[in-house]
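Participant: Starting off with a structure, shown below.
Protein chains in written order, with my numbering: chain L, 1 to 334; chain S, 335 to 668.
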């Protein structure tokens with residue numbers, strides 16, 4: 001997917017004078033002080049433990065706006081329905097989107113519906129776009145960062161990370177993807193696997209108050225492995241994480257082992273990865289842990305050098321390189 | 335479709351404090367001075383005489399932003415592809431989108447791609463969202479309007495029209511829908527039917543320079559009949575148009591007769607309907623006609639009273655009420 005975007009989308013559409021342009025391939029774009037994001041959701045099944053396609057679509061777009069350092073201002077929604085799609089299911093999805101919007105504190109203010117004939121689309125596809133406005137506390141935050149090292153942008157961008165910066169996650173990884181595939185394929189892991197789909201703008205705002213936040217990302221497609229590799233490549237830093245410090249629920253770990261999937265490559269929809277300057281790391285951890293969404297937060301590693309590799313110190317005392325995920329281990333999870 | 339939106343979307347998502355909110359059901363929404371629009375395009379066939387799904391998607395969203403009185407600032411694009419979709423076709427569509435963006439003077443600055451398995455989507459669906467910033471000359475424009483009558487909003491909204499306002503179209507109607515259905519169904523009308531798909535932000539800017547513009551709309555789904563009925567209902571005015579003054583290409587008229595379709599209900603993708611205060615009507619007409627896109631512009635009628643009906647004076651000297659289109663005479667044209 002990343003290849004498809006780099007090879008086709010960027011050459012055709014790059015070259016704007018946006019503050020954070022398309023070719024940055026960051027979580028969202030920024031132009032004239034406005035953060036803009038658009039995502040399409042084609043998840044299967046559309047209802048799953050812990051969420052549904054509507055909640056996923058709202059939370060997904062909101063999170064990508066928030067992690068750039070912006071308060072979500074408004075959303076736009078495009079629905080594509082298969083003819084004969086049950087009105088009861090549509091209402092369930094709309095109610096779920098509304099509920100998620102309320103939690104975020106944002107409205108869907110415009111949209112579009114298209115109905116395609118039976119067989120021309122698998123149930124429903126939802127596009128959610130959104131705009132956001134810079135958090136005022138972002139300036140204070142970057143003043144703290146700049147006491148430690150320079151930044152390439154006073155937005156939260158992938159190129160901001162320096163050797164020494166500390167890496168945190170806001171909670172356990174792999175829940176969304178594993179919950180989805182288990183539900184879809186009918187596996188029974190004798191345990192309740194639940195997606196973590198949730199909006200994280202509150203959590204972003206909370207941790208920004210600490211100051212010293214360099215970059216935040218929600219590790220969706222490609223999971224934590226992808227996020228760390230993107231940071232490593234774009235900021236030209238090596239990143240070392242400790243396997244035992246990465247929170248993974250036991251049922252997710254067991255499912256991954258059975259399915260032969262690396263939990264680090266599994267998509268999440270309700271977690272943040274945070275890079276913070278060292279003096280603020282402990283306070284950032286406590287800020288995350290003080291919230292419901294971030295109660296399982298952990299420091300998992302740090303940016304080390306200019307090597308450009310992501311390395312994991314394993315529980316058995318070895319080291320292994322974590323490569324960028326080659327493909328999506330689980331299709332249609334978002 | 336309008337019913338679906340009124341019945342399901344508005345009750346779930348209405349209630350924002352946007353300047354032009356969802357429940358206005360106008361061409362786009364406005365919040366904090368930013369115009370926001372999102373549309374999904376599921377047109378079939380994806381290539382047609384005069385355009386393709388890419389050009390349609392960019393022009394469609396751009397036009398909805400422009401008709402509110404805003405300069406398109408940036409676009410976001412979501413692509414949903416069927417597995418196995420030809421890269422050559424994708425590149426052709428992307429090139430067409432880029433060409434259209436260049437003409438508009440805007441960039442696609444962010445986006446998303448999803449690939450669905452074979453059979454889960456009919457070829458390709460494109461979502462284009464966009465933001466726009468108020469044309470500075472909108473204030474001057476409304477100063478001119480307000481010498482004639484009050485307005486409900488100093489954006490170009492459907493509720494602004496008063497009895498006496500003059501109605502223009504920027505060119506012939508029905509071209510897009512009829513071209514598409516002819517091409518799709520393999521009809522041969524012994525004439526080249528071509529879609530009018532094109533961006534109209536230049537034309538909007540041109541006519542705004544005249545001053546006195548009350549509202550502009552691009553008559554897409556439901557065609558001219560739908561646009562006039564929306565204005566009539568929302569502004570609580572009667573509208574009378576003269577049949578012989580409405581420009582319709584001869585081949586479109588012939589095709590409509592054969593297919594039993596009212597050309598007034600056929601969707602357009604490169605035309606504007608403009609409501610203007612009477613003293614500025616002639617100058618607005620000349621401004622439209624001075625452009626390539628508007629060379630066939632015509633004054634077609636006026637807002638008459640508070641009756642709330644759209645009436646057409648027919649070529650044979652009678653009068654008939656034009657009701658809101660009951661359904662879409664041609665599915666999947668946008």
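Backbone N, C-alpha and C fix where the C-beta goes; we use that ideal spot for every residue, glycine too.
#1: Between which two residues does the beta strand (DSSP E) holding residue 77 of chain L run?
#2: What residue from S:366, S:611 and S:537 has the CA that sits closest to residue 352 of chain S's CA?
#3: Return the Cβ separation of residue 363 of chain S and residue 468 of chain S in integer angstroms, given the expectation that the two are a contact with Cβ distance under 8 Å.
#4: Is there a C-beta anywhere in chain L that falls below 8 Å from the one on residue 386 of chain S?
#5: Select from S:591, S:477, S:584 and S:663 the residue whose C-alpha is nearest the C-alpha of residue 545 of chain S.
#6: Note down, in chain order, every chain S residue with its Cβ under 8 Å from the Cβ of residue 135 of chain L.
#7: Under 7 Å between beta-carbons, which chain S residues line up against residue 333 of chain L? List them in chain order, please.
#8: Could you say if the region 415-429 of chain S and the region 441-457 of chain S meet the contact criterion of at least three C-beta pairs nearer than 8 Å?
#9: Kindly say whether residue 338 of chain S, judged by its beta-carbon, lies nearer than 8 Å to any beta-carbon of chain L.
#10: For the region 553-564 of chain S against the region 597-610 of chain S, do three or more pairs of beta-carbon atoms, one drawn from each stretch, fall closer than 8 Å, so that the two count as touching?
#11: Please confirm whether residue 350 of chain S has its beta-carbon closer than 8 Å to some beta-carbon of chain L.
#12: Can you tell me whether residue 620 of chain S is buried or exposed? The criterion is at least 16 other CB atoms within 10 Å of its CB, across all chains shown.
#13: In three-state terms, what does DSSP make of residue 1 of chain L?
#14: Should residue 168 of chain L and residue 284 of chain L be called a contact, given that it needs their Cβ atoms to be closer than 8 Å?
#15: Which two residues bound the contiguous beta strand (DSSP E) that contains residue 110 of chain L?
#16: Compare the Cα-Cα distances from residue 327 of chain L to each of L:265, L:43 and L:188 and report the closest residue.
#17: Starting from residue 448 of chain S, find everything on chain L with Cβ-Cβ shorter than 7 Å and list it in chain order.
#18: Please give me, in chain order, every unbroken run of the beta strand (DSSP E) with length at least 3 that falls completely inside the region 20-59 of chain L.
#19: If the cut-off is 7 Å on Cβ atoms, which residues from the region 163-184 of chain L count as contacting chain S, listed in chain order?
#20: Does chain L have any CB closer than 8 Å to the CB of residue 492 of chain S?
#21: So which of L:1, L:113, L:231 and L:291 has the shortest CA-CA distance to residue 199 of chain L?
#22: Flag residue 533 of chain S as yes if its beta-carbon sits less than 8 Å from any beta-carbon of chain L, otherwise no.
#23: Look at the alpha carbon of residue 519 of chain S and the alpha carbon of residue 349 of chain S, and state the distance between them as a whole number of angstroms.
#24: By the three-class DSSP mapping on this structure, what secondary structure does residue 137 of chain L have?
#25: According to DSSP, is residue 320 of chain L helix, strand or coil?
#26: Closer than 8 Å, CB to CB, is residue 85 of chain L near chain S or not?
#27: In the DSSP assignment, find the alpha helix (DSSP H) that holds residue 178 of chain L and state where it starts and stops.
#28: Taking C-beta pairs closer than 8 Å, name the residues in chain S that residue 210 of chain L reaches, listed in chain order.
#29: Report yes or no: is there a C-beta of chain L within less than 8 Å of the C-beta of residue 390 of chain S?
#30: Quick one: residues in its chain with C-beta nearer than 7 Å to the C-beta of residue 45 of chain L, no 5 flanking neighbours on either side, listed in chain order?
#31: When you compare only the Cα positions, how much space is there between residue 387 of chain S and residue 377 of chain S?
#32: Is the CB of residue 149 of chain L under 8 Å away from at least one CB in chain C?
#33: For residue 459 of chain S, return the contacting residues in chain L, with the cut-off set at a CB-CB distance below 7 Å.
#34: If the criterion is Cβ atoms closer than 8 Å, does the pair residue 232 of chain L and residue 308 of chain L meet it?
#35: Rounded to the nearest angstrom, how far is the Cβ of residue 610 of chain S from that of residue 491 of chain S, given a contact under 8 Å?
#36: Going along chain L in order, which residues have a C-beta closer than 7 Å to the C-beta of residue 442 of chain S?
Facilitator: Short version:
#1: Per DSSP, residue 77 of chain L belongs to the beta strand (DSSP E) from 70-82.
#2: Ranking S:366, S:611 and S:537 by Cα distance to residue 352 of chain S puts S:366 first.
#3: Contact flag wrong, Cβ pair sits at about 13 Å.
#4: Not closer than 8 Å to any Cβ of chain L, the Cβ of residue 386 of chain S fails to qualify, so no.
#5: Ranking S:591, S:477, S:584 and S:663 by Cα distance to residue 545 of chain S puts S:477 first.
#6: Chain S residues near residue 135 of chain L: none, gap ~15 Å exceeds 8 Å.
#7: Those within 7 Å of residue 333 of chain L in chain S number zero; the least Cβ separation is about 11 Å.
#8: Here the region 415-429 of chain S makes contact with the region 441-457 of chain S; the two share three or more CB pairs at distances below 8 Å.
#9: By this cut-off, residue 338 of chain S is an interface position.
#10: When C-beta atoms of the region 553-564 of chain S are compared with those of the region 597-610 of chain S, three or more pairs fall below 8 Å, so the two segments count as touching.
#11: Output row for residue 350 of chain S: interface = yes.
#12: Burial is judged here by how many other beta carbons sit within 10 angstroms of a residue's own beta carbon; residue 620 of chain S has fewer than 16 and is exposed.
#13: In the three-state scheme derived from DSSP, where H, G and I count as helix and E and B as strand, residue 1 of chain L is classed as coil.
#14: The answer is yes: Cβ separation under 8 Å.
#15: Residue 110 of chain L: member of the beta strand (DSSP E) spanning 108-116, first to last residue.
#16: The shortest CA-to-CA distance from residue 327 of chain L to any of L:265, L:43 and L:188 is the one to L:265.
#17: 40 and 42, listed in chain order.
#18: Scanning the region 20-59 of chain L for uninterrupted beta strand (DSSP E) segments of 3 residues or longer gives 29-31 and 34-41, listed from N- to C-terminal end.
#19: Here the close residues number zero.
#20: It does not: the Cβ of residue 492 of chain S has no partner Cβ on chain L nearer than 8 Å.
#21: Among L:1, L:113, L:231 and L:291, the Cα nearest to that of residue 199 of chain L belongs to L:291.
#22: No - not a single Cβ of chain L is within 8 Å of the one on residue 533 of chain S.
#23: Residue 519 of chain S and residue 349 of chain S: Cα-Cα distance of roughly 43 Å.
#24: Here residue 137 of chain L sits in helix by DSSP.
#25: Residue state, collapsed to three classes: strand.
#26: Residue 85 of chain L does not count as touching chain S.
#27: Counting along the chain, the alpha helix (DSSP H) containing residue 178 of chain L begins and ends at 175-185.
#28: Within chain S, no C-beta atom comes less than 8 Å from the C-beta of residue 210 of chain L; the nearest is roughly 28 Å away.
#29: At a cut-off of 8 Å between beta carbons, residue 390 of chain S makes no contact with chain L.
#30: So the list reads 183 and 184, once near-sequence residues are dropped.
#31: Roughly 6 Å separates the two Cα atoms.
#32: Of the protein chains in the structure, L and S, none is chain C.
#33: Contacts between residue 459 of chain S and chain L, judged by CB atoms closer than 7 Å, involve 80 and 125 in chain order.
#34: Taking 8 Å as the cut-off, the beta carbon of residue 232 of chain L is found closer than this to the beta carbon of residue 308 of chain L.
#35: Not confirmed; about 15 Å, so no contact.
#36: Going along chain L in sequence order, the residues near residue 442 of chain S (Cβ under 7 Å) are 13 and 22.
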